[in-house]
Amino acid sequence: MDYILTTENLGKQYRGFKALNGLSMHVPKGAVYGFVGRNGAGKTTLIRLICGLQEPTAGSFRLYGVKNTSRAIVKARRRMGAVVETPSIYLDMTAEDNLKQQYRVLGLPSYDGIPELLKLVGLENTGKKKAKNFSLGMKQRLGIAVALAGDPDFLVLDEPVNGLDPQGIIEMRELILKLNREKQITVLISSHILDELSRLATHYGIIDGGRMVKELSAEELEAACRKCMRVEVTKASALARVLDGMGIGYKILSATKADVFAKVNISQLTLALAKEGCEVLSIEEHDESLESYFVSLVGGGSHA
């Protein structure tokens, strides 16, 4: 497989704290790679390292096959665009002037590509409106436009939907998918909104404590997220006794609900529960979510 980014035992230590601890990851060309982890897990640290904002204290990474210690890494980074933490935009400038400024920074000879870039991110009609008067979603999209100014084929986005309203989240999702599918841009995206990430990602890297816990494709995640039957009964304790007797795996969710991890003969289950003085109220198919899969891998607590 052709990889845009790989890391090998990558480490970053701040005095006594290891932000990254032997991280190894692989971002395939053409992927939307969802980078998942709690707050403080090391996501932003990894992004800052590959962007050249900080240097690793251990291990290495390769960008387009170029090792981070090579002089050629500077040239490789020119093929990458990034929005790290907050969009890098001038609030007292219009969207067009922000892009002109970025074109000058990059030494691009012409502004001809700016109208198309503004249209791509949905900001073609903002005119003389200054960025400070933009909505948060518009600022995020302008930040992406600035990151795209050098025509990169790898885009790194750090929490791009953080703080957006539902409409802003939809617009951001559609933009990322458009960049990936129509422009063939590989995207590395960190996000704590796991349900939203599952609508975008083709591959996942789950990080905890600065280490990679698991890398898998969307297909592998779908297979790993167990399908189950969510059963509602009058008494979950009776359901547990019956399922134990049948040798079927389950998870009690409340006093009346449980997830059953097997195909069950409904008639047989109903009769067995009736003998326990328990009634079936409802049964529906249910898939384990990315969020619950994440929690099962790294444990409970806040995640981002």
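According to the working numbering, the sequence shown is numbered sequentially starting from 82.
A virtual CB, placed ideally from N, CA and C, is assigned to each residue, including glycine.
Here the structure is a predicted model, which means the values were calculated and not measured.
Please classify residue i as buried or exposed, where buried requires at least 16 neighbouring CB atoms within 10 angstroms.
i: Thr126; result: buried
i: Ala331; result: What sits at residue 331 in the sequence shown is Tyr, not Ala. When all chains shown are included, Tyr331 counts as buried.
i: Val227; result: buried
i: Thr267; result: buried
i: Gly115; result: buried
i: Leu223; result: buried
i: Gly382; result: Residue placement at Gly382 is flagged as unreliable, the pLDDT there being 49, under the threshold of 50; the coordinate-derived value follows with that caveat. Gly382 should be labelled exposed.
i: Leu281; result: buried
i: Thr167; result: exposed
i: Gln183; result: buried
i: Gln248; result: exposed
i: Lys356; result: exposed
i: Gln349; result: exposed
Might you give, ordered along the chain, the residues of its own chain that have their beta carbon closer than 6 Å to the beta carbon of residue i, omitting 5 neighbours on each side?
i: Lys99; result: Gly291
If you drop the 5 nearest sequence neighbours on each side, which residues of the same chain put their C-beta closer than 7 Å to that of residue i?
i: Val242; result: Ile250, Met253, Ser272, Ile274, Glu277
i: His107; result: Tyr84, Thr87, Glu296
i: Leu378; result: Ile287, Val294, Lys295
i: Gly111; result: Gln265, Thr267
Provide the residue(s) that pair with residue i in DSSP beta bridges, ordered along the chain.
i: Cys30; result: Within the shown structure, residues of the chain are numbered from 82 to 385, placing residue 30 beyond reach of any answer.
i: Val186; result: Per DSSP, none; premise fails for Val186.
i: Tyr84; result: Pro109
i: Ser271; result: Phe116, Asp239
i: Lys211; result: Thr175
i: Val341; result: Met310, Tyr331
i: Val379; result: According to DSSP, Val379 bridges with nothing at all.
Within its chain, find whatever has a CB closer than 8 Å to the CB of residue i; leave out the 5 residues flanking it on each side and keep chain order.
i: Thr351; result: Val361
i: His284; result: Val108, Pro109, Ala112, Val113, Tyr114, Gly115, Glu296, Leu297, Ser298, Ala299
At least 3 beta-carbon pairs within less than 8 Å: the segment 184-200 vs the segment 248-266: no
Uninterrupted beta strand (DSSP E) stretches inside the segment 86-174 (no shorter than 3 residues): 98-109, 113-117, 139-144, 161-164
Three-pair Cβ contact test at 8 Å for the segment 103-121 versus the segment 289-306: yes
Within the segment 279-339, ranges of the alpha helix (DSSP H) (whole runs, at least 4 residues): 299-305, 317-327
At least three beta-carbon pairs within less than 8 Å, the segment 231-242 to the segment 159-178: yes
The segment 211-220 touching the segment 173-188, judged by at least three CB pairs closer than 8 Å: yes
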